[in-house]
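Trainee: The opening position of the sequence shown corresponds to residue 1 in the UniProt record's numbering, with each subsequent residue numbered one higher. Glycine residues also receive a C-beta, built at the ideal position from the N, C-alpha and C atoms. Treat the numbers as computed from the prediction; the structure is a model and nothing was measured.
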Amino acid sequence: MSFDTVLIANRGEIARRIIRACRSLGLGAVAVYSEADRDAPFVAEADLALPIGPAEAAQSYLDPHRLLDAARRAGAQAVHPGYGFLSENANFARAVVQAGLVWIGPDADVIALMGSKAAAKAEAQAAGVPILPGYRGSDQSDTTLLAEATSLGAPLLIKASAGGGGRGIRRLDDLADFPAALASARREAQAAFGNSDVLLERFLEGARHVELQVLADHHGTVLHLGDRDCSVQSNHQKLIEEAPAPDIPDSIRAAMAEAAVRLAASIGYRNAGTVEFLYDPDSYAWHFLEMNTRLQVEHPVTEAVTGLDLVAWQIRIAQGQALTLAQSDIRMSGAAIEARIALDGPGGNVVTHWDLPELPGLRLDSAIEAGSPVSHHYDPMIAKLIAHGPDRATALARLRAGLAALEVGGIGTNAAQVAMVLATPDFASARLGTDFLARHPQALPSAPTAQTQALAALALALHSARISGAQGHLGPWTNLGAWRLTALAGRGGASWHMIDGAEYAVHETAAGHEVMDIAGAVLLRAAHARLQGNTLDLEADGVRRRIAVGWSATEITLTEGLVTTRVPHGRQHTGADRGSGGTDINAPMPGLLAEILHPLGTPLKEGDPVLVFEAMKLMQTMTAPCDGILTDLPHAAGATVPSGALLARFTPDEDTGYDRHAPSDR
Numbered sequence: 001m002s003f004d005t006v007l008i009a010n011r012g013e014i015a016r017r018i019i020r021a022c023r024s025l026g027l028g029a030v031a032v033y034s035e036a037d038r039d040a041p042f043v044a045e046a047d048l049a050l051p052i053g054p055a056e057a058a059q060s061y062l063d064p065h066r067l068l069d070a071a072r073r074a075g076a077q078a079v080h081p082g083y084g085f086l087s088e089n090a091n092f093a094r095a096v097v098q099a100g101l102v103w104i105g106p107d108a109d110v111i112a113l114m115g116s117k118a119a120a121k122a123e124a125q126a127a128g129v130p131i132l133p134g135y136r137g138s139d140q141s142d143t144t145l146l147a148e149a150t151s152l153g154a155p156l157l158i159k160a161s162a163g164g165g166g167r168g169i170r171r172l173d174d175l176a177d178f179p180a181a182l183a184s185a186r187r188e189a190q191a192a193f194g195n196s197d198v199l200l201e202r203f204l205e206g207a208r209h210v211e212l213q214v215l216a217d218h219h220g221t222v223l224h225l226g227d228r229d230c231s232v233q234s235n236h237q238k239l240i241e242e243a244p245a246p247d248i249p250d251s252i253r254a255a256m257a258e259a260a261v262r263l264a265a266s267i268g269y270r271n272a273g274t275v276e277f278l279y280d281p282d283s284y285a286w287h288f289l290e291m292n293t294r295l296q297v298e299h300p301v302t303e304a305v306t307g308l309d310l311v312a313w314q315i316r317i318a319q320g321q322a323l324t325l326a327q328s329d330i331r332m333s334g335a336a337i338e339a340r341i342a343l344d345g346p347g348g349n350v351v352t353h354w355d356l357p358e359l360p361g362l363r364l365d366s367a368i369e370a371g372s373p374v375s376h377h378y379d380p381m382i383a384k385l386i387a388h389g390p391d392r393a394t395a396l397a398r399l400r401a402g403l404a405a406l407e408v409g410g411i412g413t414n415a416a417q418v419a420m421v422l423a424t425p426d427f428a429s430a431r432l433g434t435d436f437l438a439r440h441p442q443a444l445p446s447a448p449t450a451q452t453q454a455l456a457a458l459a460l461a462l463h464s465a466r467i468s469g470a471q472g473h474l475g476p477w478t479n480l481g482a483w484r485l486t487a488l489a490g491r492g493g494a495s496w497h498m499i500d501g502a503e504y505a506v507h508e509t510a511a512g513h514e515v516m517d518i519a520g521a522v523l524l525r526a527a528h529a530r531l532q533g534n535t536l537d538l539e540a541d542g543v544r545r546r547i548a549v550g551w552s553a554t555e556i557t558l559t560e561g562l563v564t565t566r567v568p569h570g571r572q573h574t575g576a577d578r579g580s581g582g583t584d585i586n587a588p589m590p591g592l593l594a595e596i597l598h599p600l601g602t603p604l605k606e607g608d609p610v611l612v613f614e615a616m617k618l619m620q621t622m623t624a625p626c627d628g629i630l631t632d633l634p635h636a637a638g639a640t641v642p643s644g645a646l647l648a649r650f651t652p653d654e655d656t657g658y659d660r661h662a663p664s665d666r
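1) Please tell me whether residue 339 and residue 391 are closer than 7 Å, where the distance is taken between their beta carbons.
2) Under three-state DSSP, which class holds residue 299?
3) Quick one: grab the DSSP three-state call for residue 647.
4) Along the chain, where does the beta strand (DSSP E) that runs through residue 626 open and close?
5) Alpha carbon to alpha carbon, how far is residue 97 from residue 51? Give it in angstroms, no decimals.
6) When we look at the beta-carbon of residue 586 and count the other beta-carbons within 10 Å, is it buried (16 or more) or exposed?
7) Return the first residue and the last residue of the beta strand (DSSP E) that residue 512 is part of.
8) Taking residue 344 as part of the beta strand (DSSP E), name the residues at either end of that continuous run.
9) Mind pulling the beta strand (DSSP E) runs of 3 or more residues that sit fully within the stretch 6 to 50?
10) What are the start and end residues of each continuous alpha helix (DSSP H) run of 4 or more residues lying completely inside the stretch 104 to 188, in chain order?
11) Is the CB-CB distance between residue 547 and residue 536 below 7 Å?
12) Under a Cβ-count criterion, where at least 16 other Cβ atoms within 10 Å of its own Cβ denotes burial, should residue 84 be classed as buried or exposed?
13) Which one of 595, 527 and 521 has the shortest CA to CA distance from residue 512?
14) Which residues share a DSSP beta bridge with residue 277?
15) Can you check which of these residues, 285, 451 and 567, is closest to residue 515 by C-alpha distance?
16) Can you give me the Cβ contacts of residue 651 inside the same chain, cut-off strictly under 6 Å, excluding the 5 residues immediately before and after it?
17) In terms of DSSP beta bridges, what is residue 223 paired with?
18) What residue range is occupied by the uninterrupted beta strand (DSSP E) comprising residue 586?
19) When burial is assigned at 16 or more other CB atoms within 10 Å of the CB, is residue 1 buried or exposed?
20) Quick one: what's residue 365 bridged to in DSSP?
21) What is the DSSP secondary structure of residue 67, counted as helix, strand or coil?
22) Does residue 404 pass the burial test, meaning 16 or more other C-beta atoms within 10 Å, or should it be called exposed?
23) For residue 599, is the classification buried or exposed, using 16 other Cβ atoms within 10 angstroms of its Cβ as the cut-off for buried?
24) Is DSSP giving residue 202 helix, strand or coil here?
25) Residue 200 and residue 242: beta carbons closer than 7 Å?
26) When the distance is taken between beta carbons, is residue 593 closer than 7 Å to residue 637?
27) Between residue 207 and residue 263, which are expected to be in contact by the criterion C-beta below 8 Å, what is the C-beta distance as a whole number of angstroms?
28) Is it true that the CB of residue 151 sits closer than 7 Å to the CB of residue 170?
29) Pull up the distance between the alpha-carbon of residue 606 and that of residue 567, whole angstroms please.
30) Between residue 39 and residue 373, is the Cβ-Cβ spacing less than 7 Å?
31) What did DSSP end up calling residue 476 once you bin it into helix, strand or coil?
32) So, at 6 Å on beta carbons, what are the nonlocal neighbours of residue 112 in its own chain, with the 5 sequence-adjacent residues on each side left out?
33) What are the start and end residues of the beta strand (DSSP E) that includes residue 355?
34) For residue 135 and residue 177, I'd like the C-alpha separation in whole angstroms.
35) Where does residue 507 sit, in a helix, a strand or coil, going by DSSP?
36) Can you say whether residue 9 is buried or exposed, counting buried as having 16 or more other CB atoms within 10 angstroms of its CB?
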């Protein structure tokens, strides 16, 4: 099983991480890249990089034939799949071995076994590991599933049987909603995994997500490297992870670790893997959730507290080397917390600024650098910030300091949301659970107030002026060529902006800028207002303010301190054409029009589902903006569209009294 060159069947930050591990072992690292990643940092860092196709993952990173051909062309003898993409695809693992290459991961048969949630739970049960009540049968008829759901009772989860990563999961609190939730889960499961089978599982309110890292060689040794808590999640996607899992009784911790090792040994597991559990802190009960047969995104927190290089050990095990460690050699040193930094909200397609000063105890695993392109074709995570300290409080303080110091330009991220989560007293005291964000709405982007709407109008006016050549300030006589300014009585030129369904005028005065609503009330007086890069600097009521701004064709994000607000907006205009009404559905970001639910000519009510839009691994059902007739569908299902693209248009139903020519501040 010797090899000297590894092909990395992945991209982004994990590709960079594997390249570093290969270098540390004196191995060559071969990268593959799609057209969207041609200028990505991992491509430049590899010893050799080969193109494998267009941006669409199905034609590049998810195409096993292109990947194997790249390995052949590069002379690689081994393949590391990273995580995501084909990392848990048993057929790909089997094809790699059949091609005479070494697969850096567990055997294909084990991947297939644990890749089925139903089969994995059966194996866990056979190994004496507790599982949650649920239905995991082969009968997937609507009638059987509804009967089983009724027997389980709400709340329950509908979960894709063939996959993970938070996709194909729907929570059900009312059995009356079962048909719609089942259809939605099946649709997402089919799109993500090519298999629409689901299982049903009792939902544990407030449970914690605790997982055990295991490492096994080909010589009969199976170790655990401690536990992690991954309870803070958004849309079933992990947001913050830490090691060790805090505030768990030693007896429970030891029992879960022993169960993880027992399960891994019983299925003949080899290489790195993770056994996941749900832990109820009220009853101290814990249940098997699933096993991930690959490296985890959150592996750095385990590396931080154990001092081990998990990726290097993956490679050594694949080479046939024996683990040189005993379980007693695994010692935990301090605590580590990781925050996932992901694309979020409006922003551009290129990172204009990316910097983190040198701070103690911090590690940044990043897919990007200043100048890097970003793409909606792939997972939105672009970096992981990991903090390590002698104790949890120190690690938390270091992570918060790192997030505050992280400078990002050109793209919108979730960094402010993560910082708000870390600032909550419940996180500091380890009162964790998968319902954490639901219990802490203050950690979510806040609803726009009149003040933030006015700030959004000012930012949009300055942005438009800059595009028109005004270099960051609104000058009425320098912008006539780009967008016409009208005059308000006694004031200079003004521009109108549709913000969150209402209209605002922004104009320049001798003292600075004023923002008024449609009734003429002044909502904001700002002195020295300038938009430099993605930062809005101004003085209001004698207070200097600095606000990070992101924008797309449909939304503005304002971040001030740890508070982020998303504000929908429409186009700016001169006042003569104000008020087109809410009759359109537009793409909230670049993405895929996954499904159109109704043909042209269908009469629908406001709020009825119209289409399914997919972006950044998430599917969103978009609804009718008004009562009316569906009269325009510019794109076919399967089309990739840019941010702001028209997806559907309605002719309002006149019988409802809706007037599409009325001012659209309704």
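Mentor: Short version:
1) No; because the gap between Cβ atoms is not below 7 Å, this pair is not in contact.
2) helix
3) strand
4) Here residue 626 belongs to no beta strand (DSSP E), and DSSP marks it neither H nor E.
5) 22 Å
6) Buried: at least 16 other Cβ atoms inside 10 Å.
7) Residue 512 -> beta strand (DSSP E) spans 512 to 517.
8) No beta strand (DSSP E) contains residue 344, which DSSP labels as neither H nor E.
9) 28 to 33
10) 108 to 115, 117 to 126 and 142 to 152
11) yes
12) buried
13) 527
14) 210 and 288
15) 451
16) 628, 629 and 631
17) Note: residue 223 sits in a beta bridge opposite 215.
18) 584 to 586
19) exposed
20) DSSP output for residue 365 lists 384 as bridge partner(s).
21) helix
22) exposed
23) So residue 599 counts as exposed.
24) strand
25) no
26) Their beta carbons are under 7 Å apart, which means residue 637 touches residue 593 by this criterion.
27) With 8 Å as the limit, residue 207 and residue 263 do not qualify as a contact, their Cβ atoms being about 19 Å apart.
28) no
29) 21 Å
30) yes
31) With a pLDDT of only 33 at residue 476, under 50, the local geometry of the prediction cannot be trusted, and the value read off the model is given with reservation. Here residue 476 sits in coil by DSSP.
32) Cβ neighbours of residue 112 beyond the five flanking positions: 90.
33) 353 to 355
34) 18 Å
35) strand
36) Buried, by the Cβ-count rule.
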